[in-house]
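**Q** The sequence shown stops at residue 328 when you use the numbering used here, and every number in between is there.
Even for Gly, the Cβ is constructed at its ideal location relative to N, Cα and C.
Quick one: the structure is below, and I'll ask about it shortly.
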Amino acid sequence: MLLQRVLSAAVGILYIFFMLYFGGWFFKISVFIMSFILMHEFYHAFAIKGYKPIKWLGYILIFLLFYSNFINQWNNSIILIMSFTIIGLIIPIFDKKLNIMDVFTTIFAAFYPGMMVFFLIFLGFQASPYGMNLLICTFLVTWSTDTFAYFVGRAFGKNKLCPSISPNKTVEGSLGGLIGSIIVSTIFGLILNNSINLDVHLYHFGIIGLLGGILSQFGDLCASSIKRYCGIKDFGNLLPGHGGLLDRFDSLLFVMPAIYIYYLTFLV
């Protein structure tokens, strides 16, 4: 089991490295594939619960939203979402097997997790020297939160954080993850300032670590609540030992928008 986790994690990290290295269309296409897989896992979870998401409608919507991004026409996104929502609401009139909750599940998946993974593109394609460095910082913040929370929780965890949703998480582990995220983010900022002369005060990296450390854990807990509601342990089995892609990206989906907004507000 441990070997499986290590191998699948290594493959995942290697693929992300290639995404960052090659960038461009390869990066964008990879993000779209991720978006498709994440939506598929989300739909599968709610199908187990008894819902009937209109998958083809959601997949076409996310493809058109991605294409709008690819040609830099994001002003079409609202029109697309409104149009597909109307189409979705009309479909149950003709198909009595479907209801309003099936439509809601279909459209909601285009936002979470579908569009939220697009923040990989929003972050990665910012002007140099930010761009990929912002993206690397986002991954580091998310992974360090998870890693520190796990080891601190195992060593010192006594008080349950949210037992009704995730019984194994502890307050001590949560605080450890938060502190670890701040430390790693600040160290990364120090390295950037010294290596590429990035003139950004270290407190910005500390705040990014704080935001990421908090939202990373909320992302994890929200995904856990969805899994508990649907009666599943994992969203899939794409990554042996880890579950599905959404099991690995649940925290990242919450962290990316926060760092993007912080960047636009305080660093540009």
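1) Could you give the distance in angstroms between the alpha-carbon of Ile114 and the alpha-carbon of Glu101?
2) For Gly148, name the three-state secondary structure that DSSP assigns.
3) To the nearest angstrom, how far is it from the Cα of Leu299 to the Cα of Leu121?
4) Which residues in the same chain have their Cβ closer than 6 Å to the Cβ of Tyr320, if we skip the five residues on either side of it in sequence?
5) Using only alpha-carbon positions, find the residue among Gly191, Phe185, Leu312, Ala70 that is nearest to Leu200.
6) Leaving aside the five residues before and after Arg214 along the sequence, list all residues of the same chain whose C-beta is less than 6 Å from its C-beta, in chain order.
7) Considering only their Cβ atoms, is the gap separating Gly148 from Ser95 smaller than 7 Å?
8) Residues in its own chain within less than 6 Å of Thr205 by CB, not counting five upstream and five downstream?
9) In three-state DSSP terms, what is Ser137?
10) Using 8 Å as the threshold, is the region 284-298 in touch with the region 105-112, meaning 3 or more CB pairs across them?
11) Taking only three categories from DSSP, how would you classify Asn129?
12) State buried or exposed for Asp259, treating a residue as buried only when at least 16 other CB atoms are found within 10 Å of its CB.
13) Would you mind reading off the limits of the alpha helix (DSSP H) that contains Pro317?
14) Taking the C-alpha atoms as reference points, what is the distance between Lys88 and Met79?
15) For Phe130, tell me which candidate among Phe185, Gly118, Leu324 has the shortest Cα-Cα distance.
16) Thinking just about the alpha-carbon of each residue, which of Leu305, Phe314, Tyr322 is nearest to the one in Gly72?
17) To the nearest angstrom, report how far apart Ala187 and Lys157 are at their CA atoms.
18) If you measure between the beta carbons of Gly233 and Ala209, is that distance less than 7 Å?
19) Between the C-alpha atoms of Val231 and Phe154, what's the straight-line distance to the nearest angstrom?
20) Taking the continuous alpha helix (DSSP H) assigned at Thr207, which residues delimit it?
21) What does DSSP give as the partner residue(s) for Thr230 in the beta ladder?
22) For Leu299, list the residues DSSP reports as bridge partners.
23) Are there 16 or more other CB atoms within 10 angstroms of the CB of Thr198, so buried, or fewer, so exposed?
24) Use the C-beta contact count for Ala283: other C-beta atoms within 10 angstroms, 16 or more gives buried, fewer gives exposed.
25) Would you mind stating whether Gly279 and Asp310 have Cβ atoms separated by less than 7 Å?
**A** This is what the structure gives:
1) 14 Å
2) helix
3) 26 Å
4) Phe179, Phe182, Leu183
5) Leu312
6) none
7) no
8) Gly237, Ser241, Gly273, Ser276
9) helix
10) yes
11) helix
12) exposed
13) 305-322
14) 9 Å
15) Phe185
16) Leu305
17) 49 Å
18) yes
19) 50 Å
20) 191-216
21) Lys220
22) Gly303
23) buried
24) buried
25) yes
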